[in-house]
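A.B. asks:
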Amino acid sequence: MKKITTILCVISIINIMISCEKQNRGTSKSDCKDSVNLSEQILIQTADDAVKELINGNKRFCDNKLINTNYKKQIEQTKAGQKPHSVILSCMDSRVPPEIIFDQGIGNIFVLRVAGNIEDDNVVGSMEYALEHAGSKLIVIMAHSHCGAVTGAVKNIKLGNLTQLVDQIKPAIKSSPDNPATIDETAKNSVKITMNDLLSKSEIIRELVKENKVKIVGAFYDIETGVATFME
Ligand SMILES: [Zn+2]
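Residue 52 is where the sequence shown starts when you use the working numbering, and the numbers rise one by one after that.
1. Determine which residues share a DSSP beta bridge with Phe-281 and list them.
2. According to DSSP, simplified to helix, strand and coil, what is Val-178?
3. Determine, using beta-carbon pairs with one atom in the region 240-256 and one in the region 267-279, whether at least three such pairs fall under 8 angstroms.
4. What do you reckon, is the C-beta of Asp-144 under 7 angstroms from a heavy atom of ligand 1?
5. Any chance the CB of Ala-232 is under 7 angstroms from a heavy atom of ligand 1?
6. Can you give the Cα-Cα distance for Lys-110 and Pro-148, rounded to whole angstroms?
7. Which one or two residues does DSSP pair with Val-147 in a beta bridge?
8. Assign Ser-226 to one of three DSSP states: helix, strand, or coil.
9. Is the number of C-beta pairs between the region 161-179 and the region 132-143 that are closer than 8 angstroms three or more?
10. Cβ-heavy atom distance between Ala-279 and ligand 1 below 7 angstroms?
11. Taking the straight line between their C-alpha atoms, what separation do you get for Val-205 and Ala-194?
12. Report whether the distance from the Cβ of Asp-200 to the nearest heavy atom of ligand 1 is below 7 angstroms.
13. Which residues does DSSP pair with Met-246 in a beta bridge?
14. Whose CA, out of Leu-259, Asn-263, Lys-116, lies closest to the CA of Ala-181?
15. With H, G and I counted as helix, E and B as strand and the rest as coil, what does DSSP make of Ala-204?
16. Look up Phe-153 in the DSSP assignment and say whether it is helix, strand or coil.
17. Rounded C-beta distance between Ile-234 and Thr-202? I'm assuming under 8 angstroms.
18. Is the region 150-159 in contact with the region 219-229, if contact means three or more CB pairs nearer than 8 angstroms?
19. For the beta strand (DSSP E) that contains Ala-194, what are its first and last residues?
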């Protein structure tokens with residue numbers, strides 16, 4: 052396997068200053084200062100570093116103190132290549148955009164999106180690319196509350212090609228379809244199944260995890276609060 056190089060998640064001071072200036076409109080100077088304090092360059096060398104940055108990024112998002120919003124600058128910084136620290140599989144739901152809810156902007160994360168955040172061979176192949184060729188350290192499988200695809204599985208809907216998609220979620224249903232809590236519980240169960248499926252389907256992912264070079268984690272995003280919680 053090619054040597055995985057250090058990944059530097061670059062957050063330039065200029066970027067922060069511009070972001071800060073934007074956020075400062077209508078807010079106090081002290082808010083801006085807090086934002087700058089969060090903005091030191093982040094060195095991401097391990098999966099744990101990547102998890103930490105995603106947790107911090109989601110906190111910035113929830114606090115409305117985004118620092119990765121100077122997209123023009125990020126285009127400049129990434130035009131010669133990319134070294135995203137993580138690959139995130141999430142739902143297509145319009146309320147769950149990973150680059151925004153983790154405050155990662157352009158060039159810091161690979162994002163794969165499909166209804167119900169389920170995997171298939173194309174998703175697994177894309178993840179293998181992210182890990183082997185781009186040096187990503189972390190795979191995140193992220194479900195969310197009130198997921199339409201999971202609801203479709205629980206309610207046993209039939210609709211064209213969507214039928215086979217929701218069928219893939221059904222093994223995660225462990226309680227009564229009539230219980231309102233079943234939807235979010237199923238979404239979380241489905242994340243765990245997907246995490247195991249990645250290990251059984253992909254020798255590349257399995258080996259990297261075994262060598263402690265890559266981690267797979269689950270996450271659950273609450274569309275009512277904006278909080279992403281990482282699962283044990
Ligand atoms: Zn969804």
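Quick reminder that beta carbons are idealized off the backbone N, C-alpha and C, glycines included. Since the structure is predicted, the reported quantities are computational estimates derived from the model, not experimental observations.
C.D. replies: According to the data block:
1. Ala-270
2. Looking at the sequence shown, residue 178 is not Val but Met. It is helical.
3. yes
4. yes
5. no
6. 15 angstroms
7. DSSP output for Val-147 lists no bridge partner at all.
8. coil
9. yes
10. no
11. 15 angstroms
12. Correcting the residue identity first, residue 200 is Ala in this sequence and not Asp. Within the cutoff, so yes.
13. DSSP lists no partner for Met-246.
14. Leu-259
15. helix
16. coil
17. 5 angstroms
18. no
19. 189-195
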